[in-house]
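The structure appears right after this line, and notes come after that.
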Amino acid sequence: MASSSSLDQHEHAQHPSANGTDTNEVLQDPSANGNDVGLQDPFVTSIVDIFGSNHGIEIPPVCVFSVPRFLSTSKPEAYSPKVIGLGPLYHFRSPLHDMDKVGIARNIHDKFNHIEFQKLIRGLLKLLPSIRACYQMYLTDGDERIACTMAIDGLFLFALLCHRSRYNDALTPSDTLLGLLAQTDMSRFHRDEILAGDTMMLQNQIPIFVLKHILQMECSEQLIIEKNLPRLLLGYCKALSPFKVVNKYPDSMALKRTHMLDLLYHLITLTEHELEILIDKEGRDKKERKKEESKKDEKKKDDVSVEYLQLGPTGVLDILSGLPLPEELKKLIELVKVLLGLPWSLLLYLSYKAGVGDQENLMPTASKLSDVGVKFSPDHIRHVRFKRETASVKLPVIKVNANSEVIIRNLMAYEVMFKPEVSSRWVFREYIREYIQLMSGLVKTGKDVKVLRDHDILETARYMKDDEVAKIFSGMREPPFSAQERADHFNWVMRDINHYYNGLLKIKVRKFIKQILKLFVTILLWLVVALYLFGSVYGYPLVFEKSKSFCGSIISFVPSKLVSFSSTRTSSQLLSSGRPSLTPPT
Numbered sequence: 000m001a002s003s004s005s006l007d008q009h010e011h012a013q014h015p016s017a018n019g020t021d022t023n024e025v026l027q028d029p030s031a032n033g034n035d036v037g038l039q040d041p042f043v044t045s046i047v048d049i050f051g052s053n054h055g056i057e058i059p060p061v062c063v064f065s066v067p068r069f070l071s072t073s074k075p076e077a078y079s080p081k082v083i084g085l086g087p088l089y090h091f092r093s094p095l096h097d098m099d100k101v102g103i104a105r106n107i108h109d110k111f112n113h114i115e116f117q118k119l120i121r122g123l124l125k126l127l128p129s130i131r132a133c134y135q136m137y138l139t140d141g142d143e144r145i146a147c148t149m150a151i152d153g154l155f156l157f158a159l160l161c162h163r164s165r166y167n168d169a170l171t172p173s174d175t176l177l178g179l180l181a182q183t184d185m186s187r188f189h190r191d192e193i194l195a196g197d198t199m200m201l202q203n204q205i206p207i208f209v210l211k212h213i214l215q216m217e218c219s220e221q222l223i224i225e226k227n228l229p230r231l232l233l234g235y236c237k238a239l240s241p242f243k244v245v246n247k248y249p250d251s252m253a254l255k256r257t258h259m260l261d262l263l264y265h266l267i268t269l270t271e272h273e274l275e276i277l278i279d280k281e282g283r284d285k286k287e288r289k290k291e292e293s294k295k296d297e298k299k300k301d302d303v304s305v306e307y308l309q310l311g312p313t314g315v316l317d318i319l320s321g322l323p324l325p326e327e328l329k330k331l332i333e334l335v336k337v338l339l340g341l342p343w344s345l346l347l348y349l350s351y352k353a354g355v356g357d358q359e360n361l362m363p364t365a366s367k368l369s370d371v372g373v374k375f376s377p378d379h380i381r382h383v384r385f386k387r388e389t390a391s392v393k394l395p396v397i398k399v400n401a402n403s404e405v406i407i408r409n410l411m412a413y414e415v416m417f418k419p420e421v422s423s424r425w426v427f428r429e430y431i432r433e434y435i436q437l438m439s440g441l442v443k444t445g446k447d448v449k450v451l452r453d454h455d456i457l458e459t460a461r462y463m464k465d466d467e468v469a470k471i472f473s474g475m476r477e478p479p480f481s482a483q484e485r486a487d488h489f490n491w492v493m494r495d496i497n498h499y500y501n502g503l504l505k506i507k508v509r510k511f512i513k514q515i516l517k518l519f520v521t522i523l524l525w526l527v528v529a530l531y532l533f534g535s536v537y538g539y540p541l542v543f544e545k546s547k548s549f550c551g552s553i554i555s556f557v558p559s560k561l562v563s564f565s566s567t568r569t570s571s572q573l574l575s576s577g578r579p580s581l582t583p584p585t
């Protein structure tokens, strides 16, 4: 009976209308009948806040993700911070919960001396729906705990950016921030290379808009927010970037990025031409916002003309199909849209694969390509290609140091999880991930590293050996892609290189000689095995001993690359275990 009573109570708790109370009334008035359990649940409260936060608070897209397992299994330590945890995911994890960080944050807060720390927390509480929306995973901590965490970590990160700026010229000696932070002790952190890698981990990011709001509440100087903060972010990202980045990136655009890893990715993958378009578009938007209401139609036309540059063919056709055009022209547009929608890269790849096989796994290394006269020259990461007429490979310059592998791995993870707007909406390419797959084929030994360094493609730290650099690239090689993933630009580059390399007369002759030697050694081994068996069975001791010693000397003399695995294995088995009881006759 006790269990029946508890079951009834559970049903009444799940269905408030069973007590004669309307469900909508309970949701509107949580205190009805004393039952306010639903909206007191932290998860429900946070979701309701996100849905209801339309009063001047913009909900950003998800930007802090869990690293996919297929990326993290090969090296999980590259995605978890070792020195400093930033944000609610790692702040309280030992040994990342460091009181030195709290002391630095307090020092910065006291030097600003603008508001009380409790007021800073209350100000961040208003941003909690936006902060929670940035994280792919649900944050189990309470609102006050998250706001306090963001305040401490945000102030610490700002101090770190300021002190690192002394080494990347983001601040000049006359800047007020240097005087403000002169007495802050960062001796334990500011030169820590592991810490620099921690700040660029995908799961260890603080949204930039949180930093901006903290500074807006902490200081009264608008110059620090509009000028110094973006310069600090840009200087920090450029100093840590493994790749060449665009120049003259606008300060206002830096503050619009979601976090530092997103800003770094944008700086790497954005071309100078695209940057000019974005700057021009931003300038037009500012001018158009100042126009009178009567000129809205002209503003829309200007916006559409700029958007054509980013929509891609499918987007332009979508706009054309909505215009009052003749029926025949509309049918033609629909036909073109269908043709563009076909997976041409996959179809071409599948038709091409039948004749090529799995040659991308046999791609010649950089040293082998250099031996046949292939040159390497620097270019943008989105312009990687092989030029057959000049026998040259265009590759981006990449710096390899203690932080490079961690930063590259997290850039790849972010690229997989989030599709940045630098590419058009009808096509998306994982530039960094594809490039690393290409490099893992080119770089396999220290000799390959030396070749690329001599061609100004690789910039390695002086304390790193060439073999260590080669291991970094081989360690980032992922499991084989699916057919769709392999139908990309970089694999076409790999196949172009293979075609050129395998088509050279020198390589053809070398492969032909190798095949002939393989055939010759295989036939010779089988003849010796036949003589060995003949001598052991029919009683010819001289033939038995000579064939045995001759066969053993051939197996030990011939290079393993010239003897097929199956032939060697078969011969050895016959010699050692074919007839164990037979002995040469006396």
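Per numbering that gives the first Met the number 0, residue 0 is the first one in the sequence shown, and the count goes up by one each step. Positions of the beta carbon are idealized from the N, C-alpha and C atoms, including for glycine. A quick note: this is a predicted structure, and the numbers were derived from the prediction, not measured.
For residue 229, there is no enclosing beta strand (DSSP E); the residue is found in the alpha helix (DSSP H) stretching over 228-239. For residue 459, there is no enclosing alpha helix (DSSP H); the enclosing beta strand (DSSP E) has its first and last residue at 457-459. DSSP, reduced to helix, strand and coil, places residue 434 within a helical segment of the structure shown. Exposed is the label assigned to residue 401, since fewer than 16 other Cβ atoms lie within 10 Å of its Cβ.
Residue 388 has its alpha-carbon roughly 59 Å from the corresponding atom of residue 139. CA-CA distance, residue 133 to residue 107, rounds to 26 Å.
Residue 403 and residue 241 have their alpha carbons spaced roughly 6 Å apart. In this structure, the CA atom of residue 464 is about 12 Å from the CA atom of residue 458.
Distance from the CA of residue 232 to the CA of residue 491, rounded to the nearest whole angstrom, comes to 36 Å. Residue 152 and residue 257 have their C-alpha atoms roughly 16 Å apart. Counting along the chain, no beta strand (DSSP E) covers residue 446; the unbroken alpha helix (DSSP H) around it starts and ends at 445-453.
Distance from the CA of residue 163 to the CA of residue 455, rounded to the nearest whole angstrom, comes to 27 Å. Around the beta carbon of residue 246, fewer than 16 other beta carbons lie within 10 angstroms, which makes this residue exposed. Counted as a single uninterrupted DSSP element, the alpha helix (DSSP H) harbouring residue 266 occupies residues 259-268. Sequence-distant Cβ neighbours of residue 362 in its own chain, meaning closer than 8 Å and more than five residues away, are 440, 441, 493, 496 and 497.
Between residue 377 and residue 399, the gap from beta carbon to beta carbon reaches 8 Å or more. Taking one beta carbon from each stretch, the segment 405-418 and the segment 261-269 have 3 or more pairs nearer than 8 Å; the two touch. Residue burial annotation: residue 201 is buried, with at least 16 other C-beta atoms found within 10 angstroms of its C-beta. The Cβ-Cβ distance between residue 270 and residue 430 does not fall below 8 Å. At the C-beta level, residue 248 and residue 210 stay beyond 8 Å of one another. In the DSSP assignment, residue 374 falls within the beta strand (DSSP E) that extends over 374-377.
Taking a 10 Å sphere around the C-beta of residue 217, we find 16 or more other C-beta atoms and assign the residue as buried. The C-alpha of residue 113 is placed about 56 Å away from the C-alpha of residue 447. Straight through space, the alpha carbons of residue 157 and residue 236 are spaced by roughly 14 Å. Here residue 394 carries a strand assignment [DSSP, helix/strand/coil]. Burial is judged here by how many other beta carbons sit within 10 angstroms of a residue's own beta carbon; residue 148 has at least 16 and is buried. When DSSP reads this structure, residue 415 sits in no beta bridge, so it has no partner. Assignment of residue 384 by DSSP, reduced to helix, strand and coil, places it in the strand class.
Residue 68: member of the alpha helix (DSSP H) spanning 68-71, first to last residue. Residue 134 sits in a strand when the DSSP states are folded into three classes. Ranking 129, 513 and 393 by CA distance to the CA of residue 207 puts 129 first.
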